[in-house]
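Per the working numbering: the sequence shown = residues 52 to 282. All C-beta atoms in this analysis are idealised placements derived from N, C-alpha and C, irrespective of residue type, glycine included. Written out below as structure tokens is the structure these notes cover.
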Amino acid sequence: MRFGIICAMPEEIKELTAKLSDKQEKKIGGKSYLFGKINNQDVVLVESGIGKVEAGITTEHLITDCGADVVINSGSAGGIGEGLHVGDIVISTETAYHDVDATAFNYRYGQLPGKEPRFKASDQWGQALEKAGEKTGLNVKRGLIVSGDQFIASSEAIKEILKNFPDALSSEMEGAAVGQVATDHQIPYVVVRAMSDTGDEDAGVSFDDFIIDAGKRSANMLLQLFADLDK
Numbered sequence: 052m053r054f055g056i057i058c059a060m061p062e063e064i065k066e067l068t069a070k071l072s073d074k075q076e077k078k079i080g081g082k083s084y085l086f087g088k089i090n091n092q093d094v095v096l097v098e099s100g101i102g103k104v105e106a107g108i109t110t111e112h113l114i115t116d117c118g119a120d121v122v123i124n125s126g127s128a129g130g131i132g133e134g135l136h137v138g139d140i141v142i143s144t145e146t147a148y149h150d151v152d153a154t155a156f157n158y159r160y161g162q163l164p165g166k167e168p169r170f171k172a173s174d175q176w177g178q179a180l181e182k183a184g185e186k187t188g189l190n191v192k193r194g195l196i197v198s199g200d201q202f203i204a205s206s207e208a209i210k211e212i213l214k215n216f217p218d219a220l221s222s223e224m225e226g227a228a229v230g231q232v233a234t235d236h237q238i239p240y241v242v243v244r245a246m247s248d249t250g251d252e253d254a255g256v257s258f259d260d261f262i263i264d265a266g267k268r269s270a271n272m273l274l275q276l277f278a279d280l281d282k
């Protein structure tokens, strides 16, 4: 089994790259796909860049060109659900777009024409990551992660998202695109995010302060997962 791991930023992938052995690099579309092993698990790592288009294209290459059997999107996000704090972890049960509106054609808010309103994530790998997170002592929640090409940095923006997605726990810029492509290919996927901010007016400052720590936290969950699989 090969795990395709996609991170948007260097701060989010650094810890994983450091643990990768037997590295081999493949260039596709200007991006470096790193093949290797982590705790004897077959892994491909890639930094996608920020946003839905980058994430979707990169996920497509992970599956079709790199042979990923499972796709995991790891990184940071804004915690918009009640009770979430900086440093907490959210694992997707499903993902959705918070910035898509085709309601004029009787689609649900967030639903692309011809697609499901939400993209169901893998229960198997979500549960496995939840157990890994508990072993590392992190506060872990599972639920809806919403995505859009927008860095959420105001209470009003949070209210607008929660109006349409009252069960959303966190907001970021890639996960639903990963989910859409993986779903199209019938490949299991899951998104794991450490909260770097809470999406309010202080989000920009909080993100800058905590992005490195958030990247480490989400990466450590994956490292624990691979250690568990090696037993």
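Can the beta-carbon of residue i be found closer than 7 Å to that of residue j?
i, j, result
"residue 92", "residue 216", "no"
"residue 125", "residue 221", "no"
"residue 98", "residue 64", "yes"
"residue 272", "residue 180", "yes"
"residue 243", "residue 219", "no"
"residue 90", "residue 264", "no"
"residue 85", "residue 74", "yes"
"residue 230", "residue 154", "no"
"residue 199", "residue 236", "no"
"residue 226", "residue 62", "no"
"residue 228", "residue 106", "yes"
Which residues mark the beginning and the end of the beta strand (DSSP E) in which residue i is found?
i, result
"residue 75", "72-79"
"residue 102", "Per DSSP, residue 102 belongs to no beta strand (DSSP E) and is neither H nor E."
"residue 214", "Counting along the chain, residue 214 falls outside any beta strand (DSSP E), though it belongs to the alpha helix (DSSP H) covering 206-215."
"residue 158", "It is not in any beta strand (DSSP E) - residue 158 carries neither H nor E in the DSSP assignment."
"residue 58", "53-58"
"residue 95", "92-98"
"residue 86", "82-89"
"residue 46", "No answer is possible for residue 46: the residues shown for the chain start at 52 and end at 282."
"residue 121", "121-130"
"residue 223", "219-223"
If residue i sits next to residue j, beta carbons under 8 Å apart, how far is it from one beta carbon to the other, in whole angstroms?
i, j, result
"residue 123", "residue 54", "6 Å"
"residue 151", "residue 119", "Incorrect: roughly 25 Å between the Cβ atoms, too far for contact."
"residue 213", "residue 131", "7 Å"
"residue 121", "residue 176", "6 Å"
Starting from residue i, follow the alpha helix (DSSP H) in both directions and report where the run begins and ends.
i, result
"residue 195", "Run containing residue 195: none in the alpha helix (DSSP H); it sits in the beta strand (DSSP E), 191-198."
"residue 184", "174-186"
"residue 235", "226-235"
Mark residue i as exposed unless 16 or more other C-beta atoms lie within 10 angstroms of its C-beta, in which case mark it buried.
i, result
"residue 81", "exposed"
"residue 239", "buried"
"residue 144", "buried"
"residue 115", "exposed"
"residue 247", "buried"
"residue 165", "exposed"
"residue 52", "exposed"
"residue 275", "buried"
Taking just the CA atoms, how far does residue j sit from residue i?
i, j, result
"residue 71", "residue 87", "6 Å"
"residue 102", "residue 109", "11 Å"
"residue 142", "residue 186", "15 Å"
"residue 59", "residue 163", "23 Å"
"residue 136", "residue 206", "15 Å"
"residue 128", "residue 182", "20 Å"
"residue 134", "residue 159", "27 Å"
"residue 241", "residue 78", "24 Å"
"residue 167", "residue 202", "24 Å"
"residue 140", "residue 161", "24 Å"
"residue 192", "residue 138", "12 Å"
"residue 112", "residue 211", "33 Å"
"residue 279", "residue 173", "18 Å"
"residue 209", "residue 224", "14 Å"
"residue 76", "residue 178", "31 Å"
"residue 100", "residue 157", "33 Å"
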